[in-house]
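2 protein chains.
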Amino acid sequence: MHSWIDGLPADAIALQSRGLAYGDGLFETIGVVAGRPSLLEYHLERLALGCQRLAISADHALVRAELCRYAQLLGDGVLKLILTRGDSQRGYAAAAGAAPRRILQASPFPAYPAAHAEQGVRLFACRTRLAEQPLLAGLKHLNRLEQVLARNEWQDPAYAEGLMCDQSGRVIEGVYSNLFLLKDGVLLTAGLARCGVAGVMRAALLDSAPDHGIATQVRDLTLQDLAQADEVFLCNSVYGLWPVRAFESLNWSPGPLTRKLQAIARTLLDT
Amino acid sequence: MHSWIDGLPADAIALQSRGLAYGDGLFETIGVVAGRPSLLEYHLERLALGCQRLAISADHALVRAELCRYAQLLGDGVLKLILTRGDSQRGYAAAAGAAPRRILQASPFPAYPAAHAEQGVRLFACRTRLAEQPLLAGLKHLNRLEQVLARNEWQDPAYAEGLMCDQSGRVIEGVYSNLFLLKDGVLLTAGLARCGVAGVMRAALLDSAPDHGIATQVRDLTLQDLAQADEVFLCNSVYGLWPVRAFESLNWSPGPLTRKLQAIARTLLDT
Chain A
1 MHSWIDGLPA
11 DAIALQSRGL
21 AYGDGLFETI
31 GVVAGRPSLL
41 EYHLERLALG
51 CQRLAISADH
61 ALVRAELCRY
71 AQLLGDGVLK
81 LILTRGDSQR
91 GYAAAAGAAP
101 RRILQASPFP
111 AYPAAHAEQG
121 VRLFACRTRL
131 AEQPLLAGLK
141 HLNRLEQVLA
151 RNEWQDPAYA
161 EGLMCDQSGR
171 VIEGVYSNLF
181 LLKDGVLLTA
191 GLARCGVAGV
201 MRAALLDSAP
211 DHGIATQVRD
221 LTLQDLAQAD
231 EVFLCNSVYG
241 LWPVRAFESL
251 NWSPGPLTRK
261 LQAIARTLLD
271 T
Chain B
1 MHSWIDGLPA
11 DAIALQSRGL
21 AYGDGLFETI
31 GVVAGRPSLL
41 EYHLERLALG
51 CQRLAISADH
61 ALVRAELCRY
71 AQLLGDGVLK
81 LILTRGDSQR
91 GYAAAAGAAP
101 RRILQASPFP
111 AYPAAHAEQG
121 VRLFACRTRL
131 AEQPLLAGLK
141 HLNRLEQVLA
151 RNEWQDPAYA
161 EGLMCDQSGR
171 VIEGVYSNLF
181 LLKDGVLLTA
191 GLARCGVAGV
201 MRAALLDSAP
211 DHGIATQVRD
221 LTLQDLAQAD
231 EVFLCNSVYG
241 LWPVRAFESL
251 NWSPGPLTRK
261 LQAIARTLLD
271 T
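From first to last, the protein sequence lines are chains A and B. Sequence positions in the first sequence follow full-length UniProt numbering and run 1 to 271. Sequence positions in the second sequence follow full-length UniProt numbering and run 1 to 271.
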């Protein structure tokens, strides 16, 4: 399906784009099932928060309408929305009149091995550590060199994801997913006030888990927390939930709470 | 003058550019005088270091040749080179066959007030602090949201630049320049192993100063170092050197060593 810029078919973006020059913008990667964007409200909420933090004044009603129209035409697949601050001449100062640009791109659902969701995945230990920047933490912005460096640390397909820590060695997230631990029945995930991407599936699971009798806790996590976890899993808004079965010398089996949350994630994506 | 992509005139770049998607690339902003790129070897050296750190396999002889040809056609002005990792489908993993793209853009020399170089400038105190990321420190990469946030903290033209500290409060640099202090005849600037952009004028001044009898020292700098400095200045590869005359309650007059180094910077840009 053709990409759109500001609602019109386009293949290319102006070289004056601040998205290219400075990574000055945000993005959302959204699963689309039968013409419907999954977890839409969560995606739009994160985007709005990003616009607020970066002072990008987007027309959110227009973004929503355009995104829904594009998803309907797409049918099934992955929709990527990039929202840049717009175009400008050279220089970090944003032009007063610059209008944010909306870019929509489509791709097929990735063909992940079924075993990832069924038996679980092996995590690579990334040496690339996340920098601590409270002003950008949680946002899905276009400055993603850390993820590029981390993802390119391994080529072996035996690893489906990589684990990223922050500069102090706290456990934060996967390269393109969030990480959850289960310990004594409580669902744990890292706080993202200093770094990391606050994934929409992470948010949806944290919201849903208590309704299913699973208590949640968001706090700093250490490698020791990981080692002592009863169950471990990853999630994102495209594949849902993958159990983690191995990280370095540690091994886990997909447990009952992981399976319960996996079913919840599937429902969240499909309804 | 028309922009080029990979040696050919172009206005726009493919939406698949990893430069847009992730800020996955590097740039250089180069002054061009009478068809000659100033500080060319320094720019190419920093670019090569960036390519090495990011594992971008550029054809450096081609980059140089193209850049020199473009500069010759430009005559006088500012040349901006963006080197991206190339294009790819969605996902942080770099495509095996992706060819880096070379983008060249021209703009006129900015019309800075003559007073900036003559009487010096006033520095704004940016609240945006630089994150510490040793893997990216020093590079002029395309992930520049921190600079965008910092530059947009002030609109008052009374401030020509902003001072940026790291997360621990160490004094690092300007938003688009490097900062130097003079104390007891020694030229001091911040070490950039954790964050910051290693400007080419900074490198050239550190190389040249000893030949003119000025000792240099690169180390961590505090706000107290700044308060106790005899002279303070900024430099970059477009405007050369601007004395700093004020920062919050602190005031300086452009001193003799600043003037000496300003003349050196001018020579570095013009020859």
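Every residue, glycine too, gets a C-beta built ideally from N, C-alpha and C. Here the structure is a predicted model, which is why all the values come from computation and not from measurement.
Among the CB atoms of chain A, none fall inside 8 Å of the CB of residue 74 of chain B. Taking 8 Å as the cut-off, the Cβ atoms of residue 81 of chain B and residue 56 of chain B do not count as close. The beta carbon of residue 94 of chain B falls within 8 Å of a beta carbon belonging to chain A, placing the residue at that interface. Restricting attention to A:38, A:232 and A:102, the CA atom closest to the CA of residue 178 of chain A is found in A:232.
Neighbours of residue 141 of chain A in chain B, taken as residues whose beta carbon is under 7 Å from its own, are 145 in chain order.
Shown here, residue 146 of chain B sits in a helix according to DSSP, grouped into three states.
For residue 15 of chain B, at least one C-beta of chain A is nearer than 8 Å to its own C-beta. At least 8 Å separates the CB of residue 57 of chain B from every CB of chain A. When C-beta distances to chain A are compared with 8 Å, the residues of the stretch 146-168 of chain B below that value are 146, 147, 148, 149, 150, 151, 152 and 167, in chain order. Apart from sequence neighbours up to five positions away, the residues of its chain that approach residue 209 of chain B with a beta-carbon distance below 6 Å are 187 and 216, ordered along the chain.
The beta carbons of residue 106 of chain B and residue 86 of chain B sit about 23 Å from each other, so the pair does not count as a contact at 8 Å.
By a beta-carbon distance limit of 8 Å, residue 190 of chain A contacts residue 221 of chain A. Their separation comes to about 5 Å. Here residue 38 of chain A is buried: its Cβ has 16 or more other Cβ atoms, across all protein chains shown, within 10 Å. Boundaries of the alpha helix (DSSP H) harbouring residue 260 of chain B: 256-270, taken from the DSSP string. The beta carbon of residue 19 of chain A sits closer than 8 Å to some beta carbon of chain B.
Using a C-beta cut-off of 8 Å, the stretch 8-19 of chain A makes no contact with the stretch 122-131 of chain A, since fewer than three inter-stretch Cβ pairs fall below that distance.
Judged by DSSP in its simplified three-state form, residue 97 of chain B adopts coil rather than helix or strand.
Within the stretch 96-119 of chain B, the residues whose Cβ lies closer than 7 Å to some Cβ of chain A are 103, 105 and 107, listed in chain order. In its chain, beyond the 5 residues on either side, 153 have a beta carbon closer than 7 Å to the beta carbon of residue 127 of chain A. Residue 177 of chain A is outside the set of residues whose beta carbon lies under 8 Å from a beta carbon in chain B.
Residue 267 of chain A is classed as exposed because its beta carbon has fewer than 16 other beta carbons within 10 Å across all chains shown. Against residue 22 of chain B, the close residues of chain A are 23, 142, 143, 144, 145, 147 and 148, in the order they occur along the chain (beta-carbon pairs closer than 9 Å).
Residue pairing for residue 251 of chain A: DSSP places it in a beta bridge opposite A:246. For the pair residue 202 of chain B and residue 261 of chain A, the Cα-to-Cα distance works out to about 54 Å.
Among the residues facing chain B, residue 11 of chain A is included, as its CB has a counterpart in that chain under 8 Å away. Taking C-alpha positions only, residue 108 of chain A is separated from residue 90 of chain B by approximately 10 Å. Any Cβ of chain A closer than 8 Å to the Cβ of residue 78 of chain B would place that residue at the interface, and such an atom is present. In the three-state DSSP reduction, residue 43 of chain B falls in the helix class (H, G or I). Neighbours of residue 132 of chain A across chain B, judged by C-beta separation under 8 Å: 131, 132 and 167. In this structure, the CA atom of residue 183 of chain B is about 38 Å from the CA atom of residue 64 of chain B.
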